[in-house]
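Contents: one structure, followed by commentary.
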DNA sequence: AGCGCACTACGTACGGTGTACGTAACTACG
DNA sequence: CGTAGTTACGTACACCGTACGTAGTGCGCT
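Chains as they are written, first to last, in this note's numbering: chain A, 3 to 238; chain B, 3 to 238.
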């Protein structure tokens, strides 16, 4: 039995402290905080095992004692920002308002940590703070008379819409961040190309629509409207 | 003027054939097809400039004559699979049915090319086939009496829900693909951990819900229900 | 008390990535 | 016909995740 075959494990199932050996120099919270700091400052792609280790002040491979795979580092990060929700002790009783308030918290959190939507995945659904989040959301829905499955579908759909819409907001806002040229240039190039395509006459409906020019888009309004529609579709 | 400062450009704005010089050995369609073949067979992470070049039978750096950045390769791929839609000459007149049919085509396409949801982003919205797709969708909505902005919001929301839900389906189905252990093991580990957490009593509502055990989930049913809700929220 | 072992720490190394740069061959235009 | 711009592609650099080996440390058991 020279080498274990890389035992599959959820990182949350591992005890944070082992019984034997020297006591760990860092906690999971330390590691997650360092990674989150990096991602906030330089983007998710800047989060590498080397850089996180350097941020912590330890050797690269030492990090692997705490985080067996990089994917687990992502899971730590996701859980860390999920702790930023302010979950009231008890829901207000108006489940629609409670869900909306939660959605706005989520949106604000993602704007603070713009890399979060890229990590959104059903895979990260079992972390401690995520479980607390789901449980609280379910408590908001105590007054919503529906079977458990429908409540979960509501939660999934709301979270999906939040992620999708905020991801769009962030993608358009931060598109130029990683590019060596300015956002204005990029924007101009893209719209000029779009205009040239529309001018071909192949897309008459888009041409007519964009001719109206409704001015700048109110992103938060779009977000609220989409969310309202989703809740309406369950409310009726 | 020794080196241009990496002029920003949308790849679709570039002419595929330059006037001078030897004629290119490959078309964009060739390149996209090679990349799609690779992604289908080995996953999106296997799509590297080197491997695509090898698939085409040319040197790695030759590929950069056609595709200035890797991001552009993704854009080619996305456009390539967007050509797989079967867009009828004229919509049926029942816009709800037409949108649903389109959504099922999208879902099937993403199950054929499971890497597509990972590429979904507002950034890839100007490719030729994407423009055709949007224009056709707008034509379906000719009978839907609403301002242009609301039609675009409908399209955005439908596409968002499709992507989110199919991404979930794929993520759970393919989770074990890249792991060195089996999907059954992974699944067992995860559910065992979840059960242990629920058993702590900290999540009474989840405990109650999962105690019901409604049997296997009908993924297509969930998809259809979600989509139906979205359309309902616009229909009323 | 003391032995053994699980754990921490970390340097080295391997195979992979995107892509900047330099050079050689080729062709369509002025 | 020359020449400028394009294609082709080998080399090289910085960076990535992580397997592996070695050394040191201190808890738990006998």
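C-beta: ideal position from N, C-alpha, C; glycine also.
Query	Result
Measuring only the C-alpha atoms, how far is residue 138 of chain B from residue 89 of chain B?	7 Å
Using three-state DSSP, classify residue 117 of chain A as helix, strand or coil.	coil
What residue does the alpha helix (DSSP H) around residue 153 of chain A start on, and which one ends it?	150 to 176
In this structure, does DSSP put residue 89 of chain A in helix, strand or coil?	coil
At a Cβ cut of 7 Å, what residues of the region 18 to 49 of chain A count as close to chain B, listed as they run along the chain?	none
Can you tell me whether DSSP reads residue 8 of chain B as helix, strand or coil?	Because the pLDDT of residue 8 of chain B is 48, which lies under 50, any placement of that residue in the model is unreliable, and the question is left without a value.
Measure from the alpha carbon of residue 13 of chain A to the alpha carbon of each residue in A:78, A:21 and A:232, then state which is nearest.	A:78
Using C-beta distances below 7 Å, list every residue in its chain close to residue 218 of chain B, excluding the 5 sequence neighbours before and after it, in chain order.	none
Give a yes or no on whether the minimum CB-CB distance between residue 3 of chain A and chain B is below 7 Å.	Bear in mind that a pLDDT of 28 at residue 3 of chain A, under 50, signals an unreliable position, so the model cannot answer this.
At least one CB of chain A closer than 7 Å to the CB of residue 137 of chain B: is that the case?	yes
Only counting the same chain, and skipping five residues up and downstream in sequence, which positions put a Cβ closer than 7 Å to that of residue 165 of chain B?	119 and 122
Out of curiosity, what's the CA-to-CA distance linking residue 5 of chain B and residue 45 of chain A?	Since pLDDT at residue 5 of chain B reaches only 33, below the 50 mark, its modelled position is unreliable, and the value read off the structure follows with that caveat. Using only the alpha carbons, I get a separation of about 28 Å.
If you follow the alpha helix (DSSP H) that residue 204 of chain A is in, where does it begin and where does it stop?	Counting along the chain, residue 204 of chain A falls outside any alpha helix (DSSP H), and DSSP gives it neither H nor E.
Taking 7 Å as the CB-CB limit, is residue 64 of chain A close to chain B?	no
Would you mind telling me which residues of chain A sit closer than 9 Å to residue 76 of chain B, beta carbon to beta carbon, in chain order?	Residues of chain A passing the Cβ test: none, with the nearest at roughly 14 Å.
Straight-line CA distance for residue 8 of chain A to residue 31 of chain A?	Reliability of the predicted coordinates at residue 8 of chain A is poor, the pLDDT of 48 falling under 50, and no value is obtained from them.
Counting beta carbon pairs with one atom in the region 196 to 203 of chain A and one in the region 191 to 198 of chain B, are three or more of them shorter than 8 Å?	no
May I ask you to report which of helix, strand or coil DSSP gives residue 3 of chain A?	Residue placement at residue 3 of chain A cannot be trusted, given a pLDDT of 28 that sits under 50; what the coordinates show is reported in the next sentence. DSSP places residue 3 of chain A in coil when its eight states are reduced to three.
Measuring alpha carbon to alpha carbon, tell me which of A:84, A:167, A:212 and A:155 ends up nearest residue 227 of chain A.	A:167
In the DSSP assignment, find the alpha helix (DSSP H) that holds residue 237 of chain A and state where it starts and stops.	221 to 237
By the DSSP assignment, the alpha helix (DSSP H) with residue 244 of chain A in it spans what residues?	Residue coverage of chain A in this structure runs from 3 to 238, which leaves residue 244 of chain A outside it and unanswerable.
From B:212, B:156 and B:161, pick the residue whose C-alpha is nearest to that of residue 132 of chain B; which is it?	B:161
Whole angstroms is fine: what's the gap from residue 205 of chain A's alpha carbon to residue 159 of chain B's?	21 Å
If residue 51 of chain B and residue 40 of chain B are in contact, beta carbons under 8 Å, what's the gap, nearest whole angstrom?	Contact doesn't hold; Cβ gap of about 11 Å is too wide.
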